[in-house]
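A.B. asks: Numbering (our numbering), first residue to last: 5 to 280. Quick reminder that beta carbons are idealized off the backbone N, C-alpha and C, glycines included.
1. Within this structure, are the beta carbons of residue 142 and residue 20 separated by less than 7 Å?
2. Between the region 155–162 and the region 120–139, do three or more beta carbon pairs fall short of 8 Å?
3. For the alpha helix (DSSP H) that residue 36 lies in, which residues bound it at each end?
4. Specify the secondary structure class of residue 60 as computed by DSSP and reduced to three states.
5. Just mark residue 48 as buried or exposed, buried being the case when its beta carbon has 16 or more other beta carbons within 10 Å.
6. Less than 7 Å separating the beta-carbons of residue 84 and residue 39?
7. Only counting the same chain, and skipping five residues up and downstream in sequence, which positions put a Cβ closer than 6 Å to that of residue 34?
8. Return the first residue and the last residue of the alpha helix (DSSP H) that residue 22 is part of.
9. May I have the straight-line CA-CA distance separating residue 62 from residue 152, to the nearest angstrom?
10. Per DSSP, residue 31 is paired with what?
11. Using three-state DSSP, classify residue 76 as helix, strand or coil.
12. Can you have a look at residue 236 and say buried or exposed, based on whether 16 or more other CB atoms are within 10 angstroms of its CB?
13. Let me check understanding here. Comparing Cα to Cα, which of 227, 145, 185 and 166 lies closest to residue 36?
14. Beta carbon of residue 57, beta carbon of residue 32: below 7 Å?
15. Please name the residue, chosen from 30, 229, 71 and 70, that lies closest to residue 51 on a Cα-to-Cα basis.
16. So, using beta-carbon positions, are residue 109 and residue 98 closer together than 7 Å?
17. Using C-beta distances below 6 Å, list every residue in its chain close to residue 164, excluding the 5 sequence neighbours before and after it, in chain order.
18. Mapping the DSSP letters down to three states, classify residue 105 as helix, strand or coil.
19. My output table needs one value for residue 94: the three-state DSSP class, helix, strand or coil.
20. Assuming residue 135 is part of the alpha helix (DSSP H), what are its boundary residues?
21. Using the three-state DSSP reduction, which class does residue 151 fall into: helix, strand or coil?
22. So, with DSSP's three-state summary, where would you put residue 158?
23. Going by DSSP, which residues form a beta bridge with residue 143?
24. Going by DSSP in three states, residue 114 sits in which element: helix, strand or coil?
25. Measuring alpha carbon to alpha carbon, tell me which of 95, 82 and 59 ends up nearest residue 72.
26. What residue from 233, 127 and 188 has the CA that sits closest to residue 44's CA?
27. By Cβ distance below 7 Å, which residues in the same chain neighbour residue 70 in space, the five residues on each side in sequence not counted?
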């Protein structure tokens, strides 16, 4: 599996885990069309292929329903191998006394909010389109010898956003409880106050006190600091050696002079040989 495709699948699984509470081991509801695709493309064992797709640490639980099995049985010998493979999977109980179509059975098991947290694996395009409108239903499908997870639809993302805003906002019942707790705290404080004077407070201040919110911000701005005092100290003069102090300026001048070495010329060498 390519890196980009794997990262997209991980983001989709993380979205459903964070917003809708999906947990391992994941449950995968399989219909007859998906079983047929797995067998024809050789994506076996199916649980390992789905585990790799979901990047799960535990093997997912594959299940089907009795209505799906009944539909595969009615297809006859051409789909006998699909029926045998699907009968090996776990069977999810559906509340159908009479056998219904696989699409209706899957939709009834999912319901309005998918309380069982099923991943639905199907190749049926109409069923996939209907599942996109239900919040919290990840859909798995196959293309040739690869498996994919559909990215969350616009309806699912909007539902997750509204659900998060609802959890962040305060309900009316909770608001009344906070007001009651704040008023009780106010009477207790008024009894302690000297002189018995009662101060009127607004509803917002009561709620803030009940929530423990400070009126003023506790954060301070980082102001510009002065220079390091150690870097501002004056440098101490270097102590002079005792020998240099005794000789005085003459010794200093002589020490600064450099000895120049004269290079002998060719004539000087001849004169020296003649003298010898």
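C.D. replies: In terms of the structure at hand:
1. yes
2. yes
3. 36–45
4. coil
5. exposed
6. no
7. 66, 68 and 125
8. 7–24
9. 19 Å
10. 65 and 122
11. helix
12. exposed
13. 145
14. no
15. 30
16. yes
17. 23
18. coil
19. strand
20. 129–136
21. strand
22. helix
23. 124
24. helix
25. 95
26. 127
27. 95 and 98
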